[in-house]
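Trainee:
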Amino acid sequence: MDGFTSYEGNAVTWVIYHDKGTTFVHATNEAIALARFMAKYPDYKVRDIKRR
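The opening position of the sequence shown corresponds to residue 1228 in our numbering, with each subsequent residue numbered one higher.
1. Give the range of the beta strand (DSSP E) segment to which Lys-1247 is assigned.
2. Please name the residue in Val-1252, His-1245, Ile-1276, Gly-1248 whose C-alpha comes closest to that of Tyr-1234.
3. Less than 8 Å between the CB atoms is what I'm expecting for Arg-1279 and Thr-1255, so what's the real figure, rounded?
4. What do you get for Ala-1260, buried or exposed, if any count of 16 or more other CB atoms within 10 angstroms of its CB means buried?
5. Who are the near neighbours of Thr-1249 in its chain, counting only those whose CB is closer than 8 Å to its CB and skipping five residues on each side?
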(Lines of atoms letter the chains of each structure in order from A and count residues from 1; the text may use other names and numbers.)
(Lines give C-alpha, C1' and ligand atoms only; values in the text may rest on other atoms or scores of the structure.)
Protein backbone atom coordinates (compact mmCIF):
# COMPACT_ATOMS: atom_id res chain seq x y z
CA MET A 1 0.00 0.00 0.00
CA ASP A 2 1.53 3.30 -0.99
CA GLY A 3 0.81 6.13 1.38
CA PHE A 4 2.21 8.48 3.91
CA THR A 5 2.95 7.50 7.49
CA SER A 6 1.13 9.38 10.21
CA TYR A 7 2.05 9.31 13.87
CA GLU A 8 -1.20 10.85 15.12
CA GLY A 9 -3.28 8.37 17.07
CA ASN A 10 -6.56 9.46 15.50
CA ALA A 11 -5.38 9.55 11.88
CA VAL A 12 -7.58 8.07 9.17
CA THR A 13 -6.87 7.06 5.60
CA TRP A 14 -7.80 9.51 2.83
CA VAL A 15 -7.98 8.48 -0.81
CA ILE A 16 -6.78 11.24 -3.11
CA TYR A 17 -7.89 10.93 -6.72
CA HIS A 18 -5.60 12.78 -9.10
CA ASP A 19 -4.62 12.94 -12.77
CA LYS A 20 -2.12 10.08 -12.39
CA GLY A 21 -4.39 7.68 -10.43
CA THR A 22 -5.06 7.39 -6.71
CA THR A 23 -2.92 7.75 -3.60
CA PHE A 24 -3.61 6.88 0.04
CA VAL A 25 -2.61 9.45 2.67
CA HIS A 26 -2.93 9.03 6.44
CA ALA A 27 -3.90 12.21 8.30
CA THR A 28 -6.28 13.51 10.95
CA ASN A 29 -8.29 15.65 8.51
CA GLU A 30 -8.74 16.39 4.82
CA ALA A 31 -6.73 19.62 4.83
CA ILE A 32 -3.66 17.93 6.32
CA ALA A 33 -3.98 15.02 3.87
CA LEU A 34 -4.07 17.44 0.95
CA ALA A 35 -1.10 19.41 2.29
CA ARG A 36 0.98 16.24 2.70
CA PHE A 37 0.07 15.06 -0.79
CA MET A 38 0.85 18.40 -2.43
CA ALA A 39 4.18 18.62 -0.60
CA LYS A 40 5.24 15.30 -2.13
CA TYR A 41 3.58 15.70 -5.54
CA PRO A 42 3.32 19.44 -6.31
CA ASP A 43 2.67 18.95 -10.05
CA TYR A 44 -0.30 16.57 -9.71
CA LYS A 45 -3.86 17.82 -10.24
CA VAL A 46 -6.19 16.68 -7.46
CA ARG A 47 -9.72 15.72 -8.57
CA ASP A 48 -11.29 14.52 -5.32
CA ILE A 49 -10.52 13.49 -1.74
CA LYS A 50 -12.58 10.91 0.14
CA ARG A 51 -12.27 9.40 3.57
CA ARG A 52 -11.66 5.67 3.37
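Using N, Cα and C, we set each Cβ at its ideal position, and we do this for glycine too.
Mentor: Taking the definition as stated:
1. Along the sequence shown, one-based indexing puts residue 1247 at 20. That residue, Lys-1247, is in no beta strand (DSSP E); it is neither H nor E in DSSP.
2. Start at 1 with the first residue of the sequence shown, and residue 1234 comes out as number 7. Selected option, being the one with the closest Cα: Val-1252.
3. Here residue 1279 corresponds to residue number 52 of the sequence shown, with the count starting at 1. Here residue 1255 corresponds to residue number 28 of the sequence shown, with the count starting at 1. Not quite, the Cβ-Cβ distance comes to about 14 Å (not below 8 Å), so this is no contact.
4. On the sequence shown, residue 1260 is found 33 positions in, with the first residue counted as 1. Ala-1260 is buried by the Cβ-count criterion.
5. As a first step, residue 1249 is located in the sequence shown; it is residue number 22 there, counting from the start. Closer than 8 Å at the Cβ level, and outside the excluded window around Thr-1249, lie Val-1242, Ile-1243.
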